[in-house]
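Engineer: Chains as they are written, first to last, in this note's numbering: chain A, 7 to 125; chain B, 219 to 599.
#1: When you compare each of A:113, A:114, A:103 and A:109 to residue 120 of chain A by their alpha carbons, which one comes out closest?
#2: Are the CB atoms of residue 392 of chain B and residue 545 of chain B within a distance shorter than 8 Å?
#3: Looking at residue 304 of chain B and residue 163 of chain B, is the spacing between their C-beta atoms short of 8 Å?
#4: So, with DSSP's three-state summary, where would you put residue 432 of chain B?
#5: Hey, could you find the ends of the alpha helix (DSSP H) residue 373 of chain B is sitting in?
#6: Go ahead and label residue 400 of chain B buried or exposed: buried means 16 or more other beta carbons lie within 10 angstroms of its beta carbon, across all protein chains shown.
#7: Contact criterion: CB-CB distance below 8 Å. Does residue 26 of chain A meet it with respect to chain B?
#8: In the DSSP output, what is residue 346 of chain B paired with across the bridge?
#9: Using a C-beta cutoff of 8 Å, does residue 18 of chain A count as contacting chain B?
#10: Pop quiz: residue 548 of chain B and residue 420 of chain B are said to be a contact at Cβ under 8 Å. What is the actual Cβ separation, rounded to whole angstroms?
#11: Tell me which residues share the same chain as residue 223 of chain B and place their Cβ nearer than 6 Å to its Cβ, disregarding the 5 neighbours each side in the sequence.
#12: Using 8 Å as the cut-off, can you tell me whether the segment 503-521 of chain B makes contact with the segment 369-382 of chain B, which would need three or more C-beta pairs spanning the two stretches below that distance?
#13: If you draw a straight line from the C-alpha of residue 509 of chain B to the C-alpha of residue 478 of chain B, how long is it?
#14: Using a cut-off of 8 Å between C-beta atoms, extract the partners of residue 335 of chain B located in chain A.
#15: Give the secondary structure of residue 367 of chain B by DSSP, where H, G and I count as helix, E and B as strand, and everything else as coil.
#16: Measure the alpha-carbon distance for residue 29 of chain A versus residue 108 of chain A and round it to whole angstroms.
#17: Take residue 374 of chain B as the anchor and find which of B:518, B:568 and B:229 has the nearest alpha-carbon.
#18: Against residue 463 of chain B, what residues of chain A qualify as contacts under a CB-to-CB distance less than 9 Å, listed in chain order?
#19: Does the segment 58-65 of chain A come close enough to the segment 338-355 of chain B to have 3 or more Cβ pairs within less than 8 Å?
#20: Is residue 54 of chain A close to chain B, meaning its C-beta is less than 8 Å from at least one C-beta of that chain?
#21: How big is the Cα-Cα spacing for residue 363 of chain B and residue 582 of chain B?
#22: What is the rounded straight-line gap between the Cα of residue 101 of chain A and the Cα of residue 450 of chain B?
#23: Does DSSP put residue 512 of chain B in a helix, in a strand, or in coil?
#24: Given this structure, state the Cα-to-Cα distance separating residue 52 of chain A from residue 286 of chain B, to the nearest angstrom.
#25: List, in chain order, every chain B residue whose beta-carbon is nearer than 7 Å to that of residue 75 of chain A.
#26: Does any CB atom of chain A fall closer than 8 Å to the CB of residue 455 of chain B?
#27: With a CB to CB cut of under 6 Å and the five nearest residues on each side skipped, what residues in its chain are close to residue 594 of chain B?
#28: Hey, quick one: how far does the alpha helix (DSSP H) through residue 298 of chain B stretch, first residue to last?
#29: Going by C-alpha distance, which of B:443, B:447, B:465 and B:246 is nearest residue 453 of chain B?
#30: At the 8 Å Cβ level, is residue 566 of chain B part of the contact set with chain A, yes or no?
#31: Looking at chain D, is there any beta carbon in it that lies within less than 8 Å of the beta carbon of residue 361 of chain B?
#32: Using a threshold of 8 Å, state whether the C-beta atoms of residue 341 of chain B and residue 322 of chain B are closer than that.
#33: Take residue 233 of chain B and list the residues in its own chain whose beta-carbon comes closer than 8 Å to its own, dropping the five residues that flank it on each side.
#34: Of the residues that make up the segment 397-410 of chain B, which ones have a beta carbon closer than 9 Å to any beta carbon in chain A?
#35: Taking CB distances under 8 Å as the criterion, tell me whether residue 32 of chain A reaches chain B.
#36: Could you check whether the Cβ of residue 517 of chain B sits closer than 8 Å to any Cβ belonging to chain A?
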């Protein structure tokens, strides 16, 4: 259903990072590629209310619309930055269940369908 | 490494928009610092300085005088001023020179900074998708902090209200018109929960300091201030910084906590001994969080402290008496030295309308910037 998040995990200290990197940011040792589970909860967020400078920003074909961004805390003990694809910015709450997917561009997060949340 | 270093001269330009170039502003600030110390440029034996985007500091010798002194360029983001200061201190302590200049200056275009993802080791998609925006980071860090520690938006507004009020008492400040907390809350959301008037703006300005060994200082007139300690640190694993595609789980580490603790340890005093302080206030949330990260209160206490007036000029812990970054704007290279300049004025009793009452004896400065650097000083008279 979704593209996995291609991260990396240090074999020595279990630190997980996104995106994948060859070295662990804590110990500098080698890190192995790992696909991260995308389900988690919203750790923090904001709304980008004004159009970022272009370049580098490329607005969508319909023009800039305010969009939400945040960090989603995953079960792998890592918080991943993502654009939050949510219909109503007034409903954003820290702790809400979200699922992060990778594709073209930066990771994107959507509400986790009921029943697919981790126990 | 406890040889005293004394600040014998301090000079700054007005901050804000300027017709002058960044380099011209720097020359003005250096001349003001030299005049304050009562010395000529030829007496300066070494210099350290820099800007983020307004040119090379060592080229200033063309205007200041070609005396042949060693002049080292510093380029360290928001910590440029702090790093120049550390280098100047070490030059004196090592015996390299007895009179040393530290200078920081900058001039930025309007609007937010527009960094390039490749300069930060990030994929191009972070720029094209609109995530290379510093204000997002500031919004997200305080958003989580407010959730964890029950800080309200009104506290953020009160911090900015104080900044503009203190800016009104500072002739060289940029934003000098008082604004009420309600006006600040209603000024339009920029990056939730931060509104337009809670942010500082990139601008222009320059600051210079003349530092001396105790022997050199004794030959000068004027009122020196003792630099009790200065510490610069970079982030450790586990911190939350701007432009991070991911951050580790668990408790956050803080480079500001590390740098401030090192500065207090070297000075042999604690936060409770400080009479007046300058904390990096890129926006209101930063001042709130840095109060705790630098050890001046527990997490969450800010809600009560700010409302009670504790951080006002007449309060128990005056913070950013010159209006800070919010009222002065942020010329990156100059900002850290502006903080020291203000504490020097306060400890000398020369801060005019914004003078902290009761003759403050000990001050503290803290600068923080991307990608996780902090410089702190402890000063006393």
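Note that beta-carbon positions come from the ideal geometry of N, C-alpha and C, so glycine has one too. Just so you know, these numbers come straight off a predicted model, no measurement behind them.
Structural biologist: Inspection of the coordinates gives the following:
#1: Here residue 120 of chain A refers to the residue found at position 114 when the first chain is read from its first residue. If we check each option's Cα against that of residue 120 of chain A, A:103 comes out closest.
#2: Taking the first residue of the second chain as position 1, residue 545 of chain B is located at position 327. Taking the first residue of the second chain as position 1, residue 392 of chain B is located at position 174. Taking 8 Å as the Cβ cut-off, residue 545 of chain B and residue 392 of chain B qualify as a contacting pair.
#3: Absent from the structure is residue 163 of chain B, since the part of chain B shown begins at 219 and ends at 599.
#4: In the second chain, residue 432 of chain B corresponds to position 214, counting from 1. Residue 432 of chain B: helix per DSSP, three-state reduction.
#5: Here residue 373 of chain B is taken as the residue at index 155 of the second chain, counted from 1. Counting along the chain, the alpha helix (DSSP H) containing residue 373 of chain B begins and ends at 371-385.
#6: Start at 1 with the first residue of the second chain, and residue 400 of chain B comes out as number 182. Residue 400 of chain B is exposed by the Cβ-count criterion.
#7: Taking the first chain and counting its residues from 1, the one referred to as residue 26 of chain A is at position 20. So, not an interface residue.
#8: For this step, residue 346 of chain B is matched to residue 128 along the second chain. Answer is none; residue 346 of chain B lacks a bridge partner.
#9: The count along the first chain starts at 1 and reaches residue 18 of chain A at position 12. False, the Cβ-Cβ gap to chain B never drops below 8 Å.
#10: The residue given as residue 548 of chain B occupies position 330 in the second chain. The residue given as residue 420 of chain B occupies position 202 in the second chain. Right, the Cβ-Cβ distance comes to about 6 Å (below 8 Å), so this counts as a contact.
#11: Taking the second chain and counting its residues from 1, the one referred to as residue 223 of chain B is at position 5. For residue 223 of chain B, where only same-chain residues beyond five positions count, the Cβ hits under 6 Å are 307, 310, 429 and 445.
#12: yes
#13: The residue given as residue 509 of chain B occupies position 291 in the second chain. The residue given as residue 478 of chain B occupies position 260 in the second chain. The alpha-carbon atoms of residue 509 of chain B and residue 478 of chain B are separated by roughly 11 Å.
#14: Along the second chain, read from residue 1 onward, the residue named residue 335 of chain B stands at position 117. Ordered by position in chain A, the residues that pass the 8 Å Cβ test against residue 335 of chain B are 62.
#15: Here residue 367 of chain B refers to the residue found at position 149 when the second chain is read from its first residue. Helix.
#16: Against the first chain, residue 29 of chain A aligns to sequence position 23. Against the first chain, residue 108 of chain A aligns to sequence position 102. Distance between the alpha carbons of residue 29 of chain A and residue 108 of chain A is about 21 Å.
#17: Taking the first residue of the second chain as position 1, residue 374 of chain B is located at position 156. Cα-wise, what sits closest to residue 374 of chain B is B:518.
#18: Looking up residue 463 of chain B in the second chain gives position 245. Neighbours of residue 463 of chain B on chain A, chain order: 23, 24, 25, 86, 87, 112 and 113.
#19: yes
#20: Indexing the first chain from 1 puts residue 54 of chain A at position 48. With 8 Å as the cut-off, residue 54 of chain A counts as an interface residue toward chain B.
#21: The residue labelled residue 363 of chain B in the question sits at position 145 within the second chain. The residue labelled residue 582 of chain B in the question sits at position 364 within the second chain. Looking at the two C-alpha atoms, the distance is approximately 24 Å.
#22: Within the first chain, the letter at position 95 stands for residue 101 of chain A. Within the second chain, the letter at position 232 stands for residue 450 of chain B. Cα to Cα, residue 101 of chain A sits roughly 35 Å from residue 450 of chain B.
#23: For the purposes of this step, residue 512 of chain B is taken as the residue at position 294 of the second chain. Here residue 512 of chain B sits in coil by DSSP.
#24: Counted from its first residue, the first chain places residue 52 of chain A at position 46. Counted from its first residue, the second chain places residue 286 of chain B at position 68. Roughly 51 Å between the two C-alpha positions.
#25: Here residue 75 of chain A refers to the residue found at position 69 of the first chain. Here the neighbours are 349 and 354.
#26: The count along the second chain starts at 1 and reaches residue 455 of chain B at position 237. Yes - at least one Cβ of chain A is within 8 Å of the one on residue 455 of chain B.
#27: If you number the second chain from 1, residue 594 of chain B lands on position 376. Contacts found: 449, 477, 478, 481 and 584.
#28: Residue mapping note: residue 298 of chain B aligns to position 80 of the second chain, counting from 1. Looking at the DSSP string, the run of the alpha helix (DSSP H) that includes residue 298 of chain B is 298-311.
#29: Here the question's residue 453 of chain B lines up with position 235 in the second chain. The residue with the shortest Cα to Cα distance from residue 453 of chain B is B:465.
#30: Taking the second chain and counting its residues from 1, one reaches residue 566 of chain B at position 348. It does not: the Cβ of residue 566 of chain B has no partner Cβ on chain A nearer than 8 Å.
#31: Within the model displayed, chain D is absent; protein chains A and B are what it includes.
#32: The residue given as residue 341 of chain B occupies position 123 in the second chain. The residue given as residue 322 of chain B occupies position 104 in the second chain. No, they are not a contact pair.
#33: In the second chain, counting from the first residue as 1, residue 233 of chain B sits at position 15. Hits under 8 Å: 390, 391, 392, 421, 422, 423, 546, 547, 549, 552 and 556.
#34: 406, 407, 408, 409 and 410
#35: Numbered from its first residue, the first chain carries residue 32 of chain A at position 26. Residue 32 of chain A counts as touching chain B.
#36: Indexing the second chain from 1 puts residue 517 of chain B at position 299. Chain A, which has no Cβ nearer than 8 Å to the Cβ of residue 517 of chain B, makes this no.
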